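So this note's numbering is basically just the index in the sequence shown, starting at one, shifted up by 1212.
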Amino acid sequence: MGLSGKVALITGSARGIGKAIALELAHHGANIVINDILPKSEIDKTLEEIKKNGNMTIGIKADITVFDEVDRMVKEIISKFEKIDILVNNAGITRDSLLIRMKEEDWDAVIKINLKGTFNCSKTVAKYMMRQKSTDKIVNISSVIGLVGNIGQVNYAASKAGIIGLTKSMAKELASRNINVNAIAPGFIDTAMTKKLPEKVRQDLQQHIPLKRLGTVEDIAKVVYFLVSDAANYITGQVINVDGGMVM
Ligand SMILES: NC(=O)c1ccc[n+]([C@@H]2O[C@H](COP(=O)([O-])OP(=O)(O)OC[C@H]3O[C@@H](n4cnc5c(N)ncnc54)[C@H](O)[C@@H]3O)[C@@H](O)[C@H]2O)c1
């Protein structure tokens, strides 16, 4: 199996896209670390599903916005597995409203989780990856909204555009240490995040997607697998849109 013996940390992976990524990488043989801030019972449910693949899997409840919690999580992973080969920065939130109505706390929360959380995890994990001899992989989950903007999402668009700048800078800094850093920009994917949208908006959206459907969590997970596999060893600093052709 393509990822046999590898250790992968996926943030925000108790549900949604993160969970699908964890299942996909486990299916290809990786040992998985589930991270989330959801109650431990939710994390444990996801762990049980992954263990059916027979992989070593642990779950760590940690808030990625708090540097000390990230540090504790990464030390726990190293003490259990002695390395981290793959980091997928997936955890993210939306707090939508128009610019002139947006509350400061909603701006701060989105930037803190989506952008600072990605920085916290990347900085902490990269220190260990740099000491390893293998080709390691970091994949950041951005969004097409970070490329084209969206009404009601100034905070989210800024955080996801920030992730693209962070990805390219990290790719340049870490290339000499054989750490490849790429981003995926999903379009509209059918998860709890987009279920919040009114049905009419969801239907209108589909009309504007060339492939005429919302994406599935598996559509994203399969591209993450490609990027963390040996097939992508010569790809770094790229943003791959997985959006049914929304942005081209
Ligand atoms: N669903 C979409 O259409 C879509 C489109 C583009 C990008 N994305 C991005 O994909 C990622 C996953 O989104 P999703 O749709 O699966 O959302 P989701 O809400 O289903 O899952 C996000 C997970 O992140 C966790 N999380 C939130 N804050 C956290 C924190 N501080 N520390 C640790 N975990 C935390 C949540 O508890 C949740 O389990 C996000 O970064 C999102 O911005 C989603």
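C-beta atoms are modelled at their ideal positions from N, C-alpha and C, and glycine is treated no differently.
A quick note: this is a predicted structure, and the numbers were derived from the prediction, not measured.
>> List, from N- to C-terminal side, the alpha helix (DSSP H) runs of 4 residues or more that fit wholly inside the stretch 1290-1314.
In response: Listed in chain order, there is nothing to give.
> How about Asp1431 and Val1459: do their beta carbons lie closer than 8 angstroms?
Replying inline: Taking 8 angstroms as the Cβ cut-off, Asp1431 and Val1459 do not qualify as a contacting pair.
>> By DSSP's criteria, Asp1318 is part of a beta bridge. Which residues make up the other side?
In response: Asp1318 pairs with nothing; no bridge assigned.
> In three-state DSSP terms, what is Gly1271?
Replying inline: Three-state result, Gly1271: strand.
>> On the DSSP bridge list, what partners appear for Pro1398?
In response: Beta-bridge pairing links Pro1398 to Val1454.
>> Along the chain, where does the beta strand (DSSP E) containing Val1351 start, and where does it finish?
In response: Per DSSP, Val1351 belongs to the beta strand (DSSP E) from 1348-1353.
>> Which residues does DSSP list as the beta-bridge partners of Ala1220?
In response: Beta-bridge partners assigned by DSSP to Ala1220: Ile1244, Ile1298.
> Could you give the residue range of the alpha helix (DSSP H) that holds Asn1265?
Replying inline: From DSSP, Asn1265 is part of no alpha helix (DSSP H); its letter is neither H nor E.
> Applying the criterion that 16 or more other CB atoms from any shown protein chain within 10 Å of the CB defines a buried residue, is Gln1419 buried or exposed?
Replying inline: Flag for Gln1419 reads exposed.
> In three-state DSSP terms, what is Ile1276?
Replying inline: Reduced to three states, the DSSP call for Ile1276 is coil.
>> Cutting at 6 angstroms between CB atoms, please list the residues of its own chain near Ala1242, excluding the five before and the five after it.
In response: Cβ neighbours of Ala1242 within its own chain (closer than 6 angstroms, five residues either side excluded): Leu1215, Lys1218, Ala1220.
> Under a three-way DSSP split, which group does Gln1344 fall into?
Replying inline: Assigned with DSSP and collapsed to three states, Gln1344 falls in coil, not helix or strand.
> Taking the alpha carbon of Ser1381 as the point to measure from, which residue in Ile1363, Thr1448, Leu1311 has its own alpha carbon closest?
Replying inline: Among Ile1363, Thr1448, Leu1311, the Cα nearest to that of Ser1381 belongs to Thr1448.
>> Among Met1285, Thr1403, Asp1320, whose alpha-carbon lies nearest the alpha-carbon of Lys1295?
In response: Residue Met1285 is the option with its Cα nearest to Lys1295.
>> Is Met1405 close to ligand 1? I mean its beta-carbon at under 7 angstroms from any heavy atom of the ligand.
In response: Yes - ligand 1 has a heavy atom lying nearer than 7 angstroms to the Cβ of Met1405.
>> Under 7 angstroms: does the beta carbon of Ile1198 sit that close to some heavy atom of ligand 1?
In response: Summary: the structure shown does not reach residue 1198, with the chain confined to residues 1213 through 1460, and so no result is reported for it.
> Under 7 angstroms from any heavy atom of ligand 1, does the C-beta of Thr1379 make it?
Replying inline: Flag unset: Cβ of Thr1379 not near ligand 1.
> Cα-Cα, which of Asn1301, Asn1352, Ser1291, Leu1311 is closest to Ile1452?
Replying inline: Distance check between Ile1452 and each of Asn1301, Asn1352, Ser1291, Leu1311 places Asn1352 closest, using alpha-carbon atoms only.
> For Lys1349 versus Asn1392, is the C-beta spacing smaller than 8 angstroms?
Replying inline: For Lys1349 and Asn1392, yes; Cβs fall inside 8 angstroms.
> Taking the alpha carbon of Tyr1368 as the point to measure from, which residue in Glu1317, Ala1234, Arg1343, Ser1291 has its own alpha carbon closest?
Replying inline: Selection Glu1317, Ala1234, Arg1343, Ser1291 evaluated against Tyr1368 yields Glu1317 as nearest (Cα-Cα).
> In the structure shown, what three-state DSSP assignment does Val1393 receive?
Replying inline: The three-state reading of DSSP puts Val1393 in strand, counting E and B together.
>> For Arg1425, which residues in the same chain have their Cβ closer than 7 angstroms to its Cβ, ignoring the five residues on either side in sequence?
In response: So the qualifying residues of the chain are Gln1418, Gly1456.
>> With H, G and I counted as helix, E and B as strand and the rest as coil, what does DSSP make of Gly1427?
In response: In this structure, Gly1427 counts as strand in the three-state DSSP scheme.
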